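> The structure's right below; bear with me while I get my questions together.
There are 2 protein chains.
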Amino acid sequence: MALVLSSYDQLCQAARDVALVNGATHVLGWDQETYMPPKGITHRSRILAHLSGLAHERLTSKRFQGLLEKAEDEVSVAEEHSVAKANVKLFRWKVDRAVRIPKRLVEQQSAAISLGQAAWAKARGESDFAGFAPHLQKLVEISREMAGRISDGAEPFDVLLDEHERDITANDVEALFNSLRPSLVKIARAAVERSEREAPPMKALLGSCPIAKQQQLNREVAESVGFDFDAGRIDTTTHPFCSGFGPGDVRLTTRYDERDFLSSLFGVLHEAGHGMYEQGLPEEEWGLPSGTAVSLGIHESQSRFWENHVGRSRAFWERWFPRAQSLFPHLKKLTLEQFLLGVNRAEFSFIRVEADEATYDLHIMLRFAIERKLFNGTLKVSEVPDAWNAEFESSFGRTPPDDARGCLQDIHWSMGGFGYFPTYTLGNLNAAQLFKAAVKNAGIKKAVANAEYAPLLKWLQTNVHAAGSVLSPKDLMIAATGKATDTAPYLAHLKKRFVDGV
Amino acid sequence: MALVLSSYDQLCQAARDVALVNGATHVLGWDQETYMPPKGITHRSRILAHLSGLAHERLTSKRFQGLLEKAEDEVSVAEEHSVAKANVKLFRWKVDRAVRIPKRLVEQQSAAISLGQAAWAKARGESDFAGFAPHLQKLVEISREMAGRISDGAEPFDVLLDEHERDITANDVEALFNSLRPSLVKIARAAVERSEREAPPMKALLGSCPIAKQQQLNREVAESVGFDFDAGRIDTTTHPFCSGFGPGDVRLTTRYDERDFLSSLFGVLHEAGHGMYEQGLPEEEWGLPSGTAVSLGIHESQSRFWENHVGRSRAFWERWFPRAQSLFPHLKKLTLEQFLLGVNRAEFSFIRVEADEATYDLHIMLRFAIERKLFNGTLKVSEVPDAWNAEFESSFGRTPPDDARGCLQDIHWSMGGFGYFPTYTLGNLNAAQLFKAAVKNAGIKKAVANAEYAPLLKWLQTNVHAAGSVLSPKDLMIAATGKATDTAPYLAHLKKRFVDGV
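Here the protein sequences line up with chains A and B, keeping their order. Under our numbering, the first residue of the first sequence is numbered -19, with each subsequent residue one higher. Under our numbering, the first residue of the second sequence is numbered -19, with each subsequent residue one higher.
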């Protein structure tokens, strides 16, 4: 469907020059988290700030804007949903936001993120919120200033959301969360009670798990679901993430608990879900919206898809439990049934990334409430720990013992990632809906029952990855599943797994 | 000595913007060698080509040239050897070269290097010169075109040399090599004969050397000589190298032989010598010539200093041999005397990076002769393997069994590093001369005798590192040792170590 149009082609070339700079930024960001020595942080933040400023300068340049205007004329005659039309529309969205932000602010944010991440890692290690607070303050101020400049009178949080998920507002999220919450709370309580009654104690799953053996299993599993190690790798970080540098190079990270192999394994399955999305984007469209993931709510659907719908399923463990037992002999004292109840154990835990599916979204709702107040000005940074603990108490009936297991647990704020968390729940909803749609195909269903995932990945590549950002998240969900994002498949999945069986 | 001059300050700022881009390039280059998955190469070469082109574009911009002209006026009144005067002079040298090179050629070279390095690694692994030949051809053509554009009638090889070592010509190198060669050949023969007579067989030093234990020892040794691991790290690559990303971040690499811990250890000492030079550059001068290493001949003096004058000395092993024996028990059957003769064993080997000091420079002379012919047009790329083998036979009396151990062994050509090799012999000469000058100080001499290296490193920091590029290599050697680079200290060192004793 690509049109041969000279201004459009030039626009794409200019966009790719921006993408090359961003690709460098991603490599440097990954290295900062994985291998950079501590004294490297000052110069690294200088380089990253400079590259961010450069990308912004190019995107907002007279030349880019001029090309965009001409390309808009050119594609006005193109068919609806053409790649060119979608790309031009998304360039316009990007440029309209970018021109309202001075380069100074972009560079400030980049530097604040580099320093903020280092300060967060230290503060988290020491459970010292005061060490992170001035960085958080600075990051909130920068994001609020950006939102204020972009917004046409909209709530600042809407502008932040829009960065991660197109066409959704804070009020939409609140309405969605309000509609989900009663059923979720009911399922979560029943799930926790059932786990207390039926599941083996957590410590029954723990035992000696040497890191080298975990890495071996993680690699076997990631390969078996379809992550391409010739185009990616797994490293170790405090906070697991996935970073796509461009075609042929996608980096996953995880972290290891030497008593619990499931922590790193589910981390890898989660990040591999993100990674396979990046690996599945159309290579020839690199650097353009048509070659870029559409939204975080869709991105997160891919990670939760592989982590939960695949990785916590009975069929998956029918294949992998014997292998895990051979690597970690303490598992031999468990039956598959006991192990499955353990893997899907529900409890009210402090840490989001370790939370089970049944309670996960309650963590998200808490973060959404706090972030929205931070940006509405009804909560100060210094009040975050108390607000967090109070919200947690009301949702989970417990208070975090320290800020490391409370408001310091997530990396997102240190990266200026405000308005990001709600996309996790959108991801959960989308994952359930996509999985349900995929296994309607009898061949896929049968392969999945045998823990063979090539046809399932192929379905995602065709129905999700290949579109890049050409379809909006809503249109993509409709095209793939017949319906916009809905709560029913997710609630049915949770009920089936946590209340009725495993 | 810094002058407050407005155009000069602006020039420095502009130069630092170029340095930030180059810093990103170095991170990406390092990652390409250490961790990048194989399919990442295409996009990586796109990014690197783009960044190289950008740095070149900035250096040759009208703005940069305008600032340079004004800064030249400003510093004309500054005192001789002032930092500002030196920086402006070196910016002029850089710009005068850069403006003669079209951006297209810089980007072409960058892409050819990315692809060339990958092709070289593969060709070396398979000992398949034909797989590398087209890349070498391309890289030679690009460098020859660059040299032709820069040169004012000078021999192309002089232009290439000038990139790495100021104020020296191919004829100078040839004269130097001709004057060294007879004494070197004599020492090398005597050393080889003596090793055959007195040193334990090579295999007496070999035994089980688990990589984790090698890494442990390497780290202890690198720390003890003064490499700062809070500002650097060691990773694994096919070809060891050192890359300084800027203040606080210097990366070393080495490779491991599971039978021979000395291979990685001397690699680390060598690269740590480079790394400590980078770590010793004045931080506040980053991005300017005054904060940048002056030449490869001085850089290599630092690596050979720590590798050979420190790392292969009796005093060093009096301290470290017991530690090595505890990690690698097969060494317990050797006396320190036997081990020292083994460490300094001389033989006519095929591989330069594994060559002993006594024969090392013969490897360099061979490469210089071949490179010069390649650039004079008297040797074709396809003729390189035969020419290499013939030269090797004439110097060493043996023929390499394959190209992996012949003309494919070095990474340099795949990086477009022509005119680079002669600086290794300059480094050997400078290292011997600097070491001799340093231990004239009684306190340093005593510390070195006890294998305590802090005063020695301090001397190098003061007399070599702190100057950045403010002094020319020649002036630096005169300031540090009282004399320009000379062959006498090096020949005396070799004779003492390899003929008279250890």
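Ideal Cβ placement from N, Cα and C applies to all residues, glycine included. This structure is a prediction, so every number in the text was calculated from the model and none was measured.
If contact means a Cβ-Cβ distance below 9 Å, which residues of the stretch 15 to 40 of chain A contact chain B?
Correct list: Tyr15, Met16, Pro17, Pro18, Lys19, Gly20, Ile21, Thr22, His23, Arg24, Arg26, Ile27, Leu28, Ala29, His30, Leu31 and Leu34.
> Check this for me: beta carbons of B/Phe401 and B/Phe355, under 9 Å apart or not?
The count along the second sequence starts at 1 and reaches residue 401 of chain B at position 421. The count along the second sequence starts at 1 and reaches residue 355 of chain B at position 375. No. Outside cutoff.
> Where A/Gly267 and A/Glu87 are concerned, what is the direct C-alpha to C-alpha distance, given to the nearest angstrom?
Locating residue 267 of chain A in the first sequence gives position 287, where the first residue counts as 1. Locating residue 87 of chain A in the first sequence gives position 107, where the first residue counts as 1. A/Gly267 and A/Glu87: Cα-Cα distance of roughly 21 Å.
> Could you give the DSSP three-state label for A/Thr315: helix, strand or coil?
If you number the first sequence from 1, residue 315 of chain A lands on position 335. A/Thr315: coil per DSSP, three-state reduction.
> Using three-state DSSP, classify B/Cys(-8) as helix, strand or coil.
Along the second sequence, read from residue 1 onward, the residue named residue -8 of chain B stands at position 12. Of the three classes helix, strand and coil, the one that applies to B/Cys(-8) here is helix, per DSSP.
> In the structure shown, what three-state DSSP assignment does A/Arg213 receive?
Start at 1 with the first residue of the first sequence, and residue 213 of chain A comes out as number 233. Residue state, collapsed to three classes: strand.
> Residues of chain B with a CB under 9 Å from the CB of A/Arg213: which are they?
The count along the first sequence starts at 1 and reaches residue 213 of chain A at position 233. Per Cβ cutoff of 9 Å: Tyr15, Met16 and Pro17.
> Who are B/Thr358's beta bridge partners in DSSP?
As a position in the second sequence, residue 358 of chain B is number 378, starting the count at 1. BP columns for B/Thr358 are empty, so no partner.
> Residues of chain B with CB under 8 Å from A/Leu0, in chain order?
On the first sequence, position 20 is the one that residue 0 of chain A refers to. Result: Arg26, Ile27, His30 and Leu31.
> Identify the contact partners of A/Ala4 in chain B, using a Cβ-Cβ distance below 9 Å as the criterion.
For the purposes of this step, residue 4 of chain A is taken as residue 24 along the first sequence, with counting starting at 1. Simply Val1, Ala4, Thr5, Val7, Leu8, Ile27, Leu28, His30 and Leu31.
> Can you give the beta carbon distance from B/Phe285 to B/Leu414, rounded, assuming they're within the 8 Å contact cut?
Residue mapping note: residue 285 of chain B aligns to position 305 of the second sequence, counting from 1. Residue mapping note: residue 414 of chain B aligns to position 434 of the second sequence, counting from 1. Correct: roughly 6 Å between the Cβ atoms.
> In three-state terms, what does DSSP make of A/Thr234?
Here residue 234 of chain A corresponds to residue number 254 of the first sequence, with the count starting at 1. Here A/Thr234 sits in strand by DSSP.
> Name the residue from A/Asp11, A/Phe109 and A/Arg38 whose alpha carbon lies nearest to the alpha carbon of A/Trp368.
Here residue 368 of chain A refers to the residue found at position 388 of the first sequence. Closest option to A/Trp368, Cα to Cα, is A/Phe109.
> Output, in chain order, the set of chain A residues within a Cβ distance shorter than 7 Å of B/Gly226.
Translated into the one-based positions of the second sequence, residue 226 of chain B becomes position 246. Residues of chain A passing the Cβ test: His23.
> On the three-state DSSP scale, how would you describe A/Asp390?
Sequence index remark: in the first sequence, residue 390 of chain A carries index 410 (1-based). A/Asp390: coil per DSSP, three-state reduction.
> Mind checking A/Lys463: buried by the 16 CB within 10 Å criterion, or exposed?
On the first sequence, residue 463 of chain A is found 483 positions in, with the first residue counted as 1. Per the 10 Å Cβ criterion, exposed.
> For A/Arg299, I'd like the list of residues in its chain whose CB is within less than 6 Å of its CB, leaving aside the five on either flank, ordered along the chain.
Taking the first residue of the first sequence as position 1, residue 299 of chain A is located at position 319. The answer, listed in chain order, is Ala431.
> Which same chain residues, not among the five before or five after B/Leu164, have their C-beta less than 7 Å away from its C-beta?
Here residue 164 of chain B is taken as the residue at index 184 of the second sequence, counted from 1. Here the set comprises Asp341 and Leu342.
> Can you confirm whether B/Leu(-17), when its beta carbon is compared against all beta carbons of chain A, has any partner nearer than 9 Å?
For this step, residue -17 of chain B is matched to residue 3 along the second sequence. Because B/Leu(-17) sits at a pLDDT of 47, beneath the cut-off of 50, its placement in the model cannot be relied upon, and the following sentence gives the value as read from the coordinates. Not one chain A Cβ lies under 9 Å of B/Leu(-17).
> Hey, does A/Trp266 have any beta-carbon neighbour from chain B nearer than 9 Å?
Counting from 1 along the first sequence, the entry for residue 266 of chain A is found at position 286. With 9 Å as the cut-off, A/Trp266 counts as an interface residue toward chain B.
> Using a cut-off of 9 Å between C-beta atoms, extract the partners of B/Phe112 located in chain A.
As a first step, residue 112 of chain B must be located in the second sequence, where it is residue number 132. Here the premise fails: no neighbours, minimum Cβ distance about 21 Å.
> With B/Ala326 and B/Ala171 assumed to form a contact (beta carbons below 8 Å), what rounded beta-carbon distance in angstroms separates them?
Stepping through the second sequence from its first residue, residue 326 of chain B is reached at position 346. Stepping through the second sequence from its first residue, residue 171 of chain B is reached at position 191. Right, the Cβ-Cβ distance comes to about 4 Å (below 8 Å), so this counts as a contact.
> Let me know if B/Met457 comes out buried or exposed under the rule of 16 or more other beta-carbons within 10 Å of its beta-carbon.
Walking along the second sequence from the start, residue 457 of chain B turns up at place 477. It is buried - the Cβ of B/Met457 has at least 16 other Cβ atoms within 10 Å.
> Could you check the C-alpha separation between A/Glu264 and A/Gly271 for me, to the nearest Å?
Taking the first sequence and counting its residues from 1, one reaches residue 264 of chain A at position 284. Taking the first sequence and counting its residues from 1, one reaches residue 271 of chain A at position 291. Rounded to the nearest angstrom, the two C-alpha atoms are 7 Å apart.
> Given this structure, state the Cα-to-Cα distance separating B/Asp336 from B/Thr467, to the nearest angstrom.
For the purposes of this step, residue 336 of chain B is taken as the residue at position 356 of the second sequence. For the purposes of this step, residue 467 of chain B is taken as the residue at position 487 of the second sequence. Distance between the alpha carbons of B/Asp336 and B/Thr467: 18 Å.
> Is there a Cβ from chain A that is less than 9 Å from the Cβ of B/Phe44?
Taking the second sequence and counting its residues from 1, one reaches residue 44 of chain B at position 64. No - not a single Cβ of chain A is within 9 Å of the one on B/Phe44.
> If you measure from the beta carbon of A/Phe209 to each beta carbon in chain B, is any gap under 9 Å?
The residue you call residue 209 of chain A lines up with position 229 of the first sequence. Chain B, which has a Cβ nearer than 9 Å to the Cβ of A/Phe209, makes this yes.
> Would A/Thr403 pass as a contact of A/Gly277 if the rule is Cβ separation under 9 Å?
Position 423 of the first sequence holds residue 403 of chain A. Position 297 of the first sequence holds residue 277 of chain A. Closer than 9 Å, so yes.
> Is it right to say A/Ser159 is buried, meaning 16 or more other beta carbons lie within 10 angstroms of its own, or is it exposed?
If you number the first sequence from 1, residue 159 of chain A lands on position 179. Per the 10 Å Cβ criterion, exposed.
> Let me know if B/Trp393 comes out buried or exposed under the rule of 16 or more other beta-carbons within 10 Å of its beta-carbon.
Along the second sequence, read from residue 1 onward, the residue named residue 393 of chain B stands at position 413. Counting Cβ neighbours within 10 Å, B/Trp393 comes out buried, since at least 16 surround it.
> Quick one: residues in its chain with C-beta nearer than 6 Å to the C-beta of A/Ala113, no 5 flanking neighbours on either side, listed in chain order?
Within the first sequence, residue 113 of chain A is the residue found at index 133, counting from 1. Here the set comprises Val361.
> Whole alpha helix (DSSP H) runs in the stretch 263 to 325 of chain A with 4 or more residues, listed along the chain?
Listed in chain order, they are 276 to 284, 294 to 307 and 316 to 323.
> Can you find the residues in the same chain that come closer than 6 Å, C-beta to C-beta, to A/Ala64, ignoring five residues on each side of it along the sequence?
Residue 64 of chain A sits at position 84 when you count from the first residue of the first sequence. So the list reads Leu(-17), Tyr(-12), Val55 and Ala58, once near-sequence residues are dropped.
> If I measure Cβ to Cβ from A/Leu406 and keep anything under 6 Å in the same chain, skipping five residues before and after, which residues do I get?
Along the first sequence, read from residue 1 onward, the residue named residue 406 of chain A stands at position 426. Excluding sequence neighbours, A/Leu406 sits near Gly277.
> Three or more beta-carbon pairs under 8 Å between the stretch 199 to 206 of chain A and the stretch 236 to 255 of chain A, yes or no?
Because the criterion of three Cβ pairs below 8 Å is met, the stretch 199 to 206 of chain A and the stretch 236 to 255 of chain A touch.
> Contact defined as beta carbons within less than 8 Å: I believe B/Ala434 pairs with B/Gly206. What is the distance between those atoms, to the nearest angstrom?
Mapped onto the second sequence, residue 434 of chain B falls at position 454. Mapped onto the second sequence, residue 206 of chain B falls at position 226. Sure, about 6 Å apart at Cβ, within 8 Å.
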